[in-house]
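All remarks here apply to the structure that follows.
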Amino acid sequence: MAAQSVVEAAERLQRIANALSEGNVNLEALYEEALAVIEPISEEEHLLEELEGKQLEVVKRVFLFRKGALNQLFRFISLLPDDLKRRVGAAINRTKSLFETLLKKEEEEEPIKFDVTVPGRSPEVGRRHIITRTIEEICNVMRQLGFSYTEGPEVEDEYHNFVALNIPEHHLARDEKANFYITDTLLLRSQTSPVQIRYMESHKPPIRVFAPGRVYRPDTVDASHYYAFHQVEGLWVDEGISFAHLKTTLLLFSRLMVGEDVKVRLRPSFFPFTEPSAEIDFSCFVCGGKGCPTCGKKGWLEIGGCGMVNPNVLRYCRIDPERYTGFAFGIGIDRIVMALYGINDIRLLFQNDIRFLEQF
Ligand SMILES: [Zn+2]
15 MAAQSVVEAA ERLQRIANAL SEGNVNLEAL YEEALAVIEP ISEEEHLLEE
65 LEGKQLEVVK RVFLFRKGAL NQLFRFISLL PDDLKRRVGA AINRTKSLFE
115 TLLKKEEEEE PIKFDVTVPG RSPEVGRRHI ITRTIEEICN VMRQLGFSYT
165 EGPEVEDEYH NFVALNIPEH HLARDEKANF YITDTLLLRS QTSPVQIRYM
215 ESHKPPIRVF APGRVYRPDT VDASHYYAFH QVEGLWVDEG ISFAHLKTTL
265 LLFSRLMVGE DVKVRLRPSF FPFTEPSAEI DFSCFVCGGK GCPTCGKKGW
315 LEIGGCGMVN PNVLRYCRID PERYTGFAFG IGIDRIVMAL YGINDIRLLF
365 QNDIRFLEQF
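As numbered in this note's numbering, residues 15 to 374 make up the sequence shown, in order.
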C-alpha cells in the first residue's frame, strides 16, 4: 500500500469517526464502511515505510492515539449486531497491534539523533578590549622605566586644563568650539596634561609619573578622528633633568612597546606648556619605515608631543624653576593600537562590535 493511500485511509477513518460522534447515523452502514477501510490496512506489513513527517503524524493520530479515530470506533462496537461486532473488533485489534509493532520497529531502526561527532558549541569567552590591553602594556612599560601610575578627573576645570598649563585666555585651544564645555568653567578634558598639574600641586620633586586616560575634543568623526581618544601623559621633574632624559625615555618606551628596530624622531614644534617643544614620530612599525597606507607612505607615524616643562607651569605648581627642570610628553594610544593591530579606521575602536573585536 502506497504512502498516499495509507494517509487517505486515515483521513477517511477520521471522517467516519467524526460522523459517529455527531450521532444520528446508520450505525451498521457506518461500521461497514469503516471495515472496508480497516481490513485492507490490517493485512499490510510495510505500511509505515514510505511515510515521513506530517504523514506519519496523521496516521499515528488516527490509528494509535487514545482519542484517535480507531479507538473512537472501538468504543461503540457493543451497539452492533454480533456478527458485525466480531468482524469489526477483530479488524481493529489486528490494526492496532500491527501499528504498534511497526512503530516499535521503526523507533529501533531510527538513526541516532545525538551525533557525538558534531563539534561542540563553546561558550562565548569575553576578553579585554584592545585599547585596555594596550594601556595595560603601556603601564607595564612605564613602570619598568621607573614611572608611577597616577590619574585625574575627566571633567576638568579651566584652571587645570588651560591656565596652569600656560595656555592664555584667547588661545585657540580654549575656544568653545574646540572643547566640550559643560559649564562656563568646566569641560571634558581635552588632554591628559592637567593630570601633571594636579600631581605637581600635591607632590614635591622628584616627580616621575605617567597618566593614561581618555580625552575629548569635538572633532568631526572620520577614519582618523573621533570625539574621544586616549593619551598617556609622562612627567619627570627633578634637578638636572634634560632633553637627553626625554629622548632616552621615549626611545626606551618605543622599543619596549613596539620592538628593538623602531626609531624615534623629534620635530621642533610649539606647545604653551613646554619649552622647547617637539612632535614625536615613531618609524612606522607596520612597514618598518619603507612607507605604507598606515603611515601615509611617509615611513613615520605621528605619535604625540613632548618638551621640557615650561618654567611658568612649574611656577603655577609652586616648584622652583631655578632649581628643578622636567620633561613631559603626551602620546596618542589609539594610534599605537591602530598600527599594532593593523586597523585603518579609529571608529572601529569605539563601536564595540564584537565581530570586529573578537579577531584580536
Ligand atoms: Zn608604514
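Beta carbons: idealized from backbone N, C-alpha and C, even for Gly.
Values in this document were obtained by computation on a predicted structure and should not be read as measured data.
**OP:** Name the two residues that bound the continuous alpha helix (DSSP H) containing residue 187.
**Re:** Counting along the chain, residue 187 falls outside any alpha helix (DSSP H), and DSSP gives it neither H nor E.
Original post:
Looking at residue 304 and ligand 1, is the gap between the Cβ and the nearest heavy atom below 8 Å?
Top reply: yes
Subject >> Residue nearest to residue 361 in terms of C-alpha spacing, selected from 52, 244, 180 and 270 >> reply: 244
Original post:
Is residue 24 closer than 9 Å to residue 77 when the C-beta atoms are compared?
Top reply: yes
Original post:
What's the C-alpha gap between residue 143 and residue 151?
Top reply: Straight-line Cα distance between these residues: approximately 12 Å.
**OP:** Please indicate yes or no: does the CB of residue 278 lie closer than 8 Å to some heavy atom of ligand 1?
**Re:** no
**OP:** Verify whether the separation of the beta carbon atoms of residue 210 and residue 187 is less than 9 Å.
**Re:** no
**OP:** Measure the C-alpha to C-alpha separation of residue 108 and residue 73 and round it to an integer number of angstroms.
**Re:** If you take the alpha carbons of residue 108 and residue 73, they lie about 16 Å apart.
**OP:** Could you have a look at residue 293 and say whether DSSP puts it in helix, strand or coil?
**Re:** strand
Original post:
Mind pulling the alpha helix (DSSP H) runs of 4 or more residues that sit fully within the region 217–281?
Top reply: 257–271
Original post:
Hey, residue 175 and residue 135 are a contact pair by Cβ (cut 8 Å); roughly how many whole angstroms apart?
Top reply: Between residue 135 and residue 175 the Cβ distance is about 50 Å, and since that is not below 8 Å, they are no contact.
Original post:
On the three-pair Cβ rule with 8 Å, is the region 303–313 touching the region 107–121?
Top reply: no
Original post:
Using DSSP with H/G/I as helix, E/B as strand and the rest coil, what is residue 345?
Top reply: strand
Original post:
The beta strand (DSSP E) with residue 321 in it runs from where to where?
Top reply: 314–323 is the span of the beta strand (DSSP E), which, as asked, contains residue 321.
Original post:
Taking C-alpha atoms, which residue in 257, 281, 52 and 34 lies nearest to residue 297?
Top reply: 281
Original post:
Counting along the chain, where does the alpha helix (DSSP H) carrying residue 96 start and finish?
Top reply: 96–123
**OP:** Note down, in chain order, each residue of its chain lying with its Cβ closer than 6 Å to the Cβ of residue 293, except the 5 sequence neighbours on either side.
**Re:** 281, 283 and 319
**OP:** Please state whether DSSP places residue 79 in a helix, a strand or coil.
**Re:** In the structure shown, residue 79 falls within a coil segment according to DSSP collapsed to helix, strand and coil.
Original post:
Using a threshold of 8 Å, is the CB atom of residue 273 nearer than that to any non-hydrogen atom of ligand 2?
Top reply: The model depicted lacks ligand 2 and carries ligand 1 instead.
**OP:** Tell me, please, which residues DSSP counts as bridged to residue 201.
**Re:** 170 and 195
Original post:
Roughly how many angstroms lie between the CA atoms of residue 307 and residue 301, to the nearest whole one?
Top reply: Each residue's alpha carbon lies about 9 Å from the other.
**OP:** Enumerate in chain order the residues of its own chain whose CB-to-CB distance from residue 232 is below 8 Å, with the five nearest sequence positions on each side excluded.
**Re:** Same-chain partners within the cutoff: 191, 192, 193, 194 and 241.
Original post:
Going by the CB atoms, is the gap between residue 65 and residue 384 shorter than 9 Å?
Top reply: The question about residue 384 has no answer here: the residues shown for the chain are numbered 15 through 374.
Subject >> Residues that DSSP places opposite residue 288 in a beta bridge >> reply: 285 and 323
**OP:** Identify every residue that forms a DSSP beta bridge with residue 339.
**Re:** 252
Original post:
Does the beta-carbon distance from residue 266 to residue 159 come in below 9 Å?
Top reply: For residue 266 and residue 159, yes; Cβs fall inside 9 Å.
**OP:** Run the proximity test for residue 300: is its beta-carbon closer than 8 Å to any non-hydrogen atom belonging to ligand 1?
**Re:** yes
Original post:
Thinking just about the alpha-carbon of each residue, which of 291, 272 and 270 is nearest to the one in residue 260?
Top reply: Residue 260 has its Cα closest to that of 291, out of 291, 272 and 270.
Original post:
Taking the continuous alpha helix (DSSP H) assigned at residue 44, which residues delimit it?
Top reply: It spans 41–56 - the alpha helix (DSSP H) in which residue 44 sits, taken as one unbroken run.
Subject >> Local conformation of residue 162 per DSSP, three classes >> reply: DSSP places residue 162 in strand when its eight states are reduced to three.
Original post:
Cα separation between residue 347 and residue 334?
Top reply: The straight-line gap from Cα to Cα measures roughly 32 Å.
Original post:
Which residues mark the beginning and the end of the alpha helix (DSSP H) in which residue 65 is found?
Top reply: Careful: residue 65 lies outside any alpha helix (DSSP H) and carries neither H nor E.
Original post:
Is the closest heavy atom of ligand 1 to the C-beta of residue 354 under 8 Å?
Top reply: no
Original post:
Can residue 346 be considered in contact with ligand 1, in the sense that its beta carbon sits closer than 8 Å to one or more heavy atoms?
Top reply: no
Original post:
Taking C-alpha atoms, which residue in 237, 236, 206 and 330 lies nearest to residue 228?
Top reply: 206
Subject >> Where residue 93 falls, given that 16 or more other Cβ within 10 Å makes a residue buried >> reply: By the neighbour-count definition (other C-beta atoms within 10 Å, threshold 16), residue 93 is an exposed residue.
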